[in-house]
Amino acid sequence: MMDLEALIERWRAGDQRAAEFIYSQHREQTFRLAYGLLGNTEDAEEAAQDALAYALLHIHQFDDHRSQFTTWLYRITVSRSRDILRKHRVPTFSLNSWLRDRQNPTDFRPGPEQRAEKKENQNTVWDALQTLSPVLREAIILRHWGGRTYEEIAEITNCLMKTAQSRVRLAHQKLAHVLKAVDFQQSAEETR
Amino acid sequence: MKTDHLTPDELTGYIYGTLDDAQREVMNAHLMECPICRSKLAEQELWQRQISNELGVALKFAVPSLQMNFAAIAPRLQNRHIRQNIWLDRVIVLPTTLALAGLVFAVFGLWRAIGAQAFTSHAQPLGAFPPLACFFLTLASVEQFDRSHSLWPRRAITWAVALILWLGSAFIGLLDLIVLRDLAIMAVIAMDGRNATAGPIAIMTVLLGAMLYVGFVIGGAEYHYKNIGLPGSWKLFSITLLSQLFILILPYLI
């Protein structure tokens, strides 16, 4: 496999195959980060595709003396995921989609795929993660799943290192609180 | 040695390695003596392992669909040559233009004030330049709230915009001093109707204002230098400039 630095150089020179290699190397991890932040496949794919396209399109803005490519890519992914969350918070109305939905009413029941996905991903921590605020979710995912240092978390999430540290600690405390409650509930049910 | 039990913050700080050496040493000494805190720490470590494992498992099984592929973004990359000219990039042109426009207005405002001898004789109107400068500089800082500063050439632009904002707000600060001095004189005349006491009051106001001004300019420079590019720095610029705008329009409100 070619090393990333060489691929970036080739893509900067205009070789589209290099872009495709960079894309495939980072496709899954970018998706997984977005999935962790957004909690569903559809939004995660949108954020990850957008982030990868932006990174490839603006490759000349990447400063390899300052940060790793993945750190830069994660930073863009976090920013895209925040945009999607913001979009969901603002209620919007689209006449086109309303008309389309009236003609083909959407089936809101989960299909077999969604049911399988839900089952696979179902664990207590994952459920508890959904109760955290976006910034805490970003911090704990980057720390545990991404294995990032606090300095990198601060760079990716655009905050001070002290803030990154306290976000990780707070996220842990909140998750531990939920896990404790679930444990307590389960043991109470067992004794009944 | 620490006598109280460890707080949740200290325990999580310990397991996540966010404490400094001195804090860690104090905690180690306490943990040697306190079985309650040792068991609490063990419990936290257990949660930490569970979080790490379950998060890893949940994300390991998350796989993108086949629709997420390179072909879907390839058409967007075709136009890449258009974006390569970084000087046409909106994220560079917009803040730089706004900040430069603000700085030019601030310099004009200051120039006009010096020309009109507003520093030595009061009641000279400062005109529209200073409020316009505040307006443009505030727009430039607000525009930066959600921008990344680690991407080259954004980093260079960030430094340039921050420097312009700092200079601009320093110039406007001088004009604010003139406004505050005039307001103090107006207040004295309105209160006791004599012009005689207005002179010393004006000097006192300028002296006090100048001391605050130097403090703000130096303190601000230090804060912005340490937090360059972070939302906190841009927000402080916005707050400073809006406060300065408020002082500039105060005479029109009274």
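Protein sequence lines correspond, in order, to chains W and G. At position 95 of the first sequence (counting the first as 1) the number is 95 in the numbering used here, and the numbers step up by one without a gap. With positions in the second sequence counted from 1, the corresponding number in the numbering used here is that position plus 1000. Every residue, glycine too, gets a C-beta built ideally from N, C-alpha and C.
Simplified DSSP assignment, three categories, for residue i
| i | result |
| --- | --- |
| residue 98/W | Confidence is the limiting factor: at residue 98/W the pLDDT is only 49, short of 50, which leaves the residue's position unreliable, though a coordinate-based value still follows. It is helical. |
| residue 1053/G | helix |
| residue 141/W | helix |
| residue 1063/G | coil |
| residue 67/W | coil |
| residue 3/W | coil |
| residue 1004/G | coil |
| residue 1078/G | helix |
| residue 130/W | coil |
| residue 150/W | helix |
| residue 11/W | helix |
| residue 1068/G | coil |
| residue 61/W | helix |
| residue 1096/G | helix |
| residue 1144/G | coil |
| residue 1014/G | helix |
| residue 1106/G | helix |
| residue 1116/G | coil |
| residue 114/W | Note on residue 114/W: pLDDT 47, under 50, position unreliable in the model; the coordinate value appears next. Helix at residue 114/W. |
| residue 121/W | Low confidence applies to residue 121/W: its pLDDT is 48, below 50, so where it sits in the model is not reliable enough to give any reading. |
| residue 92/W | Only weak support is given to the placement of residue 92/W: the predicted model assigns it a pLDDT of 47, under 50, and the question is left unresolved by the model. |
Range covered by the alpha helix (DSSP H) that runs through residue i
| i | result |
| --- | --- |
| residue 1027/G | 1021–1033 |
| residue 183/W | 161–191 |
| residue 29/W | 16–38 |
| residue 1220/G | 1198–1226 |
| residue 1252/G | 1231–1253 |
| residue 57/W | 41–57 |
| residue 1126/G | Neither: residue 1126/G is in no alpha helix (DSSP H) and is coded neither H nor E. |
Integer-rounded CB distance, given that residue j should sit under 8 Å from residue i
| i | j | result |
| --- | --- | --- |
| residue 1242/G | residue 1138/G | 6 Å |
| residue 1006/G | residue 1040/G | 7 Å |
| residue 70/W | residue 52/W | Actually they do not touch by this definition, with Cβ atoms about 12 Å apart. |
| residue 1095/G | residue 1161/G | 5 Å |
| residue 1251/G | residue 1182/G | 7 Å |
| residue 48/W | residue 1068/G | 7 Å |
| residue 125/W | residue 1098/G | Contact doesn't hold; Cβ gap of about 45 Å is too wide. |
| residue 1134/G | residue 1164/G | No, residue 1134/G and residue 1164/G are not in contact; Cβ-Cβ is about 13 Å, not under 8 Å. |
| residue 1236/G | residue 1225/G | About 12 Å separates the two Cβ atoms, so there is no contact after all. |
Given residue i as reference, the closest of the options once Cα atoms are compared
| i | options | result |
| --- | --- | --- |
| residue 135/W | 168/W, 58/W, 179/W | 168/W |
| residue 1204/G | 1220/G, 1184/G, 1049/G | 1184/G |
| residue 1036/G | 1109/G, 1008/G, 1171/G | 1008/G |
| residue 1177/G | 1166/G, 1208/G, 1187/G | 1208/G |
| residue 1051/G | 147/W, 55/W, 190/W, 19/W | 147/W |
| residue 1129/G | 1095/G, 1175/G, 1096/G | 1175/G |
| residue 1113/G | 1106/G, 1126/G, 1103/G | 1126/G |
| residue 19/W | 1004/G, 1064/G, 1073/G, 1059/G | 1073/G |
| residue 1016/G | 139/W, 182/W, 38/W | 139/W |
| residue 1234/G | 1116/G, 1141/G, 1104/G, 1214/G | 1141/G |
| residue 60/W | 83/W, 190/W, 9/W, 177/W | 9/W |
| residue 88/W | 40/W, 4/W, 182/W, 26/W | 40/W |
| residue 1045/G | 179/W, 161/W, 36/W | 179/W |
| residue 1061/G | 74/W, 63/W, 35/W, 66/W | 35/W |
| residue 982/G | 1013/G, 1030/G, 1023/G | Residue 982/G lies beyond the stretch modelled for chain G, which goes from 1001 to 1254, so this question has no answer here. |
| residue 1156/G | 80/W, 42/W, 63/W, 54/W | 63/W |
| residue 1042/G | 1011/G, 1075/G, 1170/G | 1011/G |
| residue 1020/G | 173/W, 165/W, 191/W, 181/W | 165/W |
| residue 66/W | 155/W, 184/W, 128/W | 155/W |
| residue 145/W | 1077/G, 1057/G, 1220/G, 1145/G | 1057/G |
| residue 85/W | 153/W, 190/W, 44/W | 44/W |
heavy atom of the ligand MN below 7 Å from residue i C-beta
| i | result |
| --- | --- |
| residue 30/W | No copy of the ligand MN occurs in the structure displayed, which carries no ligand at all. |
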